[in-house]
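**Student:** Quick note on numbering: UniProt numbering labels position 64 of the sequence shown as 64, and the sequence is numbered without any gaps.
The C-beta atom is built at its ideal place from N, Cα and C for all residues, glycine as well.
It should be emphasised that the depicted structure is a prediction, and the values quoted were computed from it without experimental measurement.
There's a structure below that I have some questions on.
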Amino acid sequence: ETVAIIKALGADKIPMIAQVEAMQKDARERDTVQRIKEAGCKAILLRGACVGDSEDLEYTKWAVEAFNSKLSKEFGKMTGMTVSMTDMTRDSPGATTGVHSR
């Protein structure tokens, strides 16, 4: 796991960049980034956040706010994004199948 590697290498001593996959189901990237930050990593590459579609900017804004916010996970949920009725529980924009091209 990324967190274990960061702790073992000592992110406080060696500058590290962690990679996290963007647009995960149920916005899991938010929890992953939080754990990585707590382990001491200061830089995170959000892989696949910009794919050239109309939701790139909206997702990126959400990600920056979500990853830097100390508010409850219930705050900052995105609204107005394209989602299917079966995916209404997901709170990261573009996390639904078919919403974005990869």
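Ignoring anything shorter than 3 residues, give me the beta strand (DSSP E) runs that lie fully in the segment 19–54, in order along the chain.
**Tutor:** Counting only runs of 3 or more, we get 43–47.
**Student:** Given that a residue counts as buried once 16 or more other Cβ atoms are within 10 Å of its Cβ, and exposed if not, what is cysteine 41?
**Tutor:** Here residue 41 is taken as the residue at index 41 of the sequence shown, counted from 1. Buried, since its Cβ has 16 or more Cβ neighbours within 10 Å.
**Student:** Looking only at its own chain, which residues have a Cβ that is under 7 Å from the Cβ of lysine 13, when we skip the five neighbours before and after it?
**Tutor:** By 1-based counting over the sequence shown, the position of residue 13 is 13. Contacts found: none.
**Student:** How big is the Cα-Cα spacing for isoleucine 44 and alanine 4?
**Tutor:** As a first step, residue 44 is located in the sequence shown; it is residue number 44 there, counting from the start. As a first step, residue 4 is located in the sequence shown; it is residue number 4 there, counting from the start. Taking the straight line joining both Cα atoms gives about 15 Å.
**Student:** What residues in its chain sit with their C-beta under 7 Å from that of alanine 39, if we drop five residues either side in the sequence?
**Tutor:** As a first step, residue 39 is located in the sequence shown; it is residue number 39 there, counting from the start. Contacts found: Val3, Ile6, Lys7, Ala11.
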